[in-house]
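Chemist: Chains as they are written, first to last, in my numbering: chain A, 1 to 289; chain B, 1 to 286.
1) In this structure, does DSSP put residue 230(A) in helix, strand or coil?
2) Are the beta-carbon atoms of residue 100(A) and residue 93(A) separated by less than 7 angstroms?
3) Could you check the C-alpha separation between residue 126(B) and residue 27(B) for me, to the nearest Å?
4) Using DSSP with H/G/I as helix, E/B as strand and the rest coil, what is residue 265(A)?
5) Using Cβ-Cβ distances below 9 angstroms, what residues of the region 23-57 of chain B are close to chain A?
6) Let me know the secondary structure DSSP gives residue 158(A) once reduced to three states.
7) Check whether the Cβ of residue 14(B) lies closer than 7 angstroms to any Cβ atom in chain A.
8) Let me know the secondary structure DSSP gives residue 284(B) once reduced to three states.
9) Identify which residue in 110(B), 18(B), 228(B) has its Cα closest to the Cα of residue 177(B).
10) Strictly under 7 angstroms for the Cβ-Cβ distance: is residue 56(A) near chain B by that measure?
11) Please name the residue in 98(B), 156(B), 88(B), 257(B) whose C-alpha comes closest to that of residue 111(B).
12) Can you pull the chain B neighbours of residue 12(A), defined as C-beta to C-beta under 8 angstroms?
13) Beta carbons nearer than 8 angstroms to chain A: which residues of the region 115-140 of chain B have them?
14) May I ask you to list, following chain order, the residues of the region 221-232 of chain A that have a beta carbon less than 9 angstroms from some beta carbon of chain B?
15) Given this structure, state the Cα-to-Cα distance separating residue 80(B) from residue 143(B), to the nearest angstrom.
16) Out of 86(B), 42(B), 216(B), 182(B), state which residue places its alpha-carbon closest to the alpha-carbon of residue 55(B).
17) Which value, in whole angstroms, describes the spacing of the CA atoms of residue 148(B) and residue 241(B)?
18) Please state whether DSSP places residue 78(A) in a helix, a strand or coil.
19) Buried or exposed: residue 220(A), going by 16 or more other Cβ atoms within 10 Å of its Cβ?
20) Please give the ranges of any alpha helix (DSSP H) in the region 200-283 of chain B, keeping only runs that are unbroken, at least 4 residues long and fully inside the region.
21) Tell me whether residue 18(B) is buried or exposed, calling it buried when 16 or more other Cβ atoms sit within 10 Å of its Cβ.
22) Output, in chain order, the set of chain A residues within a Cβ distance shorter than 9 angstroms of residue 178(B).
23) In chain order, what are the residue ranges of uninterrupted beta strand (DSSP E) at least 3 long that sit wholly in the region 201-231 of chain A?
24) What is the rounded straight-line gap between the Cα of residue 215(B) and the Cα of residue 115(B)?
25) Have a look at residue 143(A) and residue 117(A) and give me their C-alpha separation to the nearest angstrom.
26) Along chain E, in chain order, which residues have C-beta atoms closer than 7 angstroms to that of residue 285(A)?
27) Return no unless some Cβ of chain A is closer than 7 angstroms to the Cβ of residue 204(B).
28) Which two residues bound the contiguous alpha helix (DSSP H) that contains residue 48(A)?
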């Protein structure tokens with residue numbers, strides 16, 4: 001078997017791992033993210049969000065990347081979680097996102113601080129990098145926890161824009177909140193893959209693709225316990241929306257989900273908790289071994 | 001072997017995906033495999049097994065390993081699918097399995113052909129490699145698609161027995177049999193439990209463990225769409241048994257499952273059409 005067959009087998013396996021979720025998310029994707037833009041923007045300034053961004057920049061530095069004077073492309077940039085600190089550190093940043101709501105937050109900060117950020121509303125799934133003039137133009141291309149890079153095509157496209165570094169991160173495992181698991185099995189009667197959780201193992205697919213092609217990315221694994229307190233009705237609505245991507249909920253199921261959260265809440269607040277493992281990797285596009 | 005902070009974090013991640021109810025006692029495991037020994041041994045010299053053995057030997061060769069004159073430990077050896085070709089190629093093989101039924105077949109053939117195979121009836125989950133004198137003793141420790149190596153502990157134990165190469169293979173993904181999935185929806189009113197169906201990137205857990213420790217295994221993936229045939233009662237009982245771990249099935253559901261398999265098998269044989277992605281890897285422990 002040739003090396004080419006080996007990579008092809010892996011690509012097939014990657015494709016087979018992608019459920020219907022990816023396909024369904026295509027519809028109204030900008031909407032989905034626009035709704036979350038305010039909430040995401042909060043993490044820009046809170047301690048946890050800053051700490052995480054600091055960890056990522058530290059990891060990039062460990063691998064040799066320097067922000068000062070670098071040209072950076074940030075795919076699925078959100079409200080600028082990484083674009084902003086990179087621009088503050090002296091990089092010239094092109095920030096791409098499908099959601100105008102996210103970009104509005106980013107533009108506001110960039111304007112206030114007079115940062116060299118160019119915001120671009122665009123879907124990476126269908127982006128034409130030659131028309132955009134992106135090919136081999138950046139010192140670093142970032143794809144941090146974003147569905148923008150979802151398969152071989154969008155990963156290859158990402159790499160084609162870099163002349164040196166690439167950064168990619170995604171979930172390795174998301175335990176999923178206990179409520180999601182219980183609701184899936186008791187109300188929606190679905191088996192739950194809580195081994196991997198939604199998006200489980202996601203980072204391993206692009207990692208192995210790179211490995212088979214001869215790249216040896218620097219990898220960092222991290223674990224955090226994600227805790228959040230929410231108004232129970234809000235938590236229920238969010239769960240319904242989240243589950244609907246894969247499992248349509250009828251009115252009766254929705255009612256049961258609402259009742260579940262109301263009962264589980266204390267003082268009107270629902271406390272969710274899940275174990276999240278993520279992986280980050282950095283590699284250089286001309287660094288094959 | 002240095003387990004740095006990064007590898008430690010990966011170990012936690014690996015542990016978290018392992019089923020919590022997966023610890024079946026050794027004697028129950030042994031009984032299960034003994035029951036399957038006949039089925040496994042039936043095609044030991046069949047074309048498919050021979051092709052598989054040739055593929056594995058070629059892959060080992062690519063990594064620089066040659067069986068001639070080497071010492072090999074085959075963990076979860078089954079009826080000797082690879083132990084026999086290794087021994088025929090001049091290796092001295094220690095073949096370990098939990099099932100005396102599997103080892104019985106292997107011993108028979110080894111004696112007939114005067115092959116250098118020593119069999120060891122033992123559960124790898126609880127094996128004491130020092131008491132057995134296995135530590136650091138082999139040129140190749142081999143674990144091919146076996147539940148014997150199931151977690152970090154059993155994986156570390158495997159590596160501790162090698163002074164040179166290790167080989168590990170397993171599923172990466174198994175796409176479920178579509179007919180069977182439909183049966184689950186109709187009879188049990190839910191989706192087939194993916195736990196037992198290996199939807200996740202199984203092999204990648206040990207791979208990433210090695211990677212974070214600085215190893216760079218040679219790895220090869222393949223897909224295998226094969227139709228397998230079972231007598232329908234066997235297929236039905238297998239499904240019932242595997243579901244029994246999860247929840248107690250009512251007699252009515254059991255009967256319905258048997259009925260379904262019977263109807264799906266006009267000539268008495270149930271054919272499942274699942275597609276599998278699997279990978280094999282080899283690395284040097286030094």
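Glycine included, each C-beta is placed from N, C-alpha and C at the ideal position.
Modeler: Once the coordinates are examined:
1) On the first chain, position 230 is the one that residue 230(A) refers to. The three-state reading of DSSP puts residue 230(A) in strand, counting E and B together.
2) As a working mapping, residue 100(A) is identified with position 100 in the first chain. As a working mapping, residue 93(A) is identified with position 93 in the first chain. Going by C-beta atoms, residue 100(A) is not nearer than 7 angstroms to residue 93(A).
3) Taking the first residue of the second chain as 1, we reach residue 126(B) at position 126. Taking the first residue of the second chain as 1, we reach residue 27(B) at position 27. The straight-line gap from Cα to Cα measures roughly 12 angstroms.
4) As a working note, residue 265(A) is residue 265 in the first chain. If DSSP states are grouped into helix, strand and coil, residue 265(A) belongs with coil.
5) 55
6) Here residue 158(A) refers to the residue found at position 158 of the first chain. Helix, per DSSP.
7) Residue 14(B) sits at position 14 when you count from the first residue of the second chain. No - not a single Cβ of chain A is within 7 angstroms of the one on residue 14(B).
8) Against the second chain, residue 284(B) aligns to sequence position 284. Strand.
9) Taking the second chain and counting its residues from 1, one reaches residue 177(B) at position 177. Checked all of 110(B), 18(B), 228(B); the closest Cα to residue 177(B) is 228(B).
10) By 1-based counting over the first chain, the position of residue 56(A) is 56. With 7 angstroms as the cut-off, residue 56(A) does not count as an interface residue toward chain B.
11) The count along the second chain starts at 1 and reaches residue 111(B) at position 111. Of the candidates 98(B), 156(B), 88(B), 257(B), the one whose C-alpha sits nearest the C-alpha of residue 111(B) is 88(B).
12) Within the first chain, the letter at position 12 stands for residue 12(A). The answer, in chain order, is 223, 277.
13) none
14) 221, 222, 223
15) Looking up residue 80(B) in the second chain gives position 80. Looking up residue 143(B) in the second chain gives position 143. Roughly 12 angstroms separates the two Cα atoms.
16) Taking the first residue of the second chain as position 1, residue 55(B) is located at position 55. It is 86(B).
17) In the second chain, the residue the question calls residue 148(B) occupies position 148. In the second chain, the residue the question calls residue 241(B) occupies position 241. Rounded to whole angstroms, residue 148(B) to residue 241(B) spans 20 angstroms at the Cα level.
18) Taking the first chain and counting its residues from 1, the one referred to as residue 78(A) is at position 78. In this structure, residue 78(A) counts as coil in the three-state DSSP scheme.
19) Locating residue 220(A) in the first chain gives position 220, counting from the first residue. By the 10 Å Cβ count, residue 220(A) comes out buried.
20) Runs found: 204-212, 232-244, 251-263.
21) For the purposes of this step, residue 18(B) is taken as residue 18 along the second chain, with counting starting at 1. Residue 18(B) comes out exposed.
22) Within the second chain, the letter at position 178 stands for residue 178(B). By Cβ distance, chain A contributes nothing, its closest Cβ being about 13 angstroms from residue 178(B), past 9 angstroms.
23) 218-231
24) By 1-based counting over the second chain, the position of residue 215(B) is 215. By 1-based counting over the second chain, the position of residue 115(B) is 115. Residue 215(B) and residue 115(B) have their alpha carbons spaced roughly 34 angstroms apart.
25) As a working mapping, residue 143(A) is identified with position 143 in the first chain. As a working mapping, residue 117(A) is identified with position 117 in the first chain. Distance between the alpha carbons of residue 143(A) and residue 117(A) is about 16 angstroms.
26) The structure shown has no chain E; the protein chains it does contain are A and B.
27) By 1-based counting over the second chain, the position of residue 204(B) is 204. At least one chain A Cβ lies under 7 angstroms of residue 204(B).
28) Counted from its first residue, the first chain places residue 48(A) at position 48. Run containing residue 48(A): 47-62, per the alpha helix (DSSP H) assignment.
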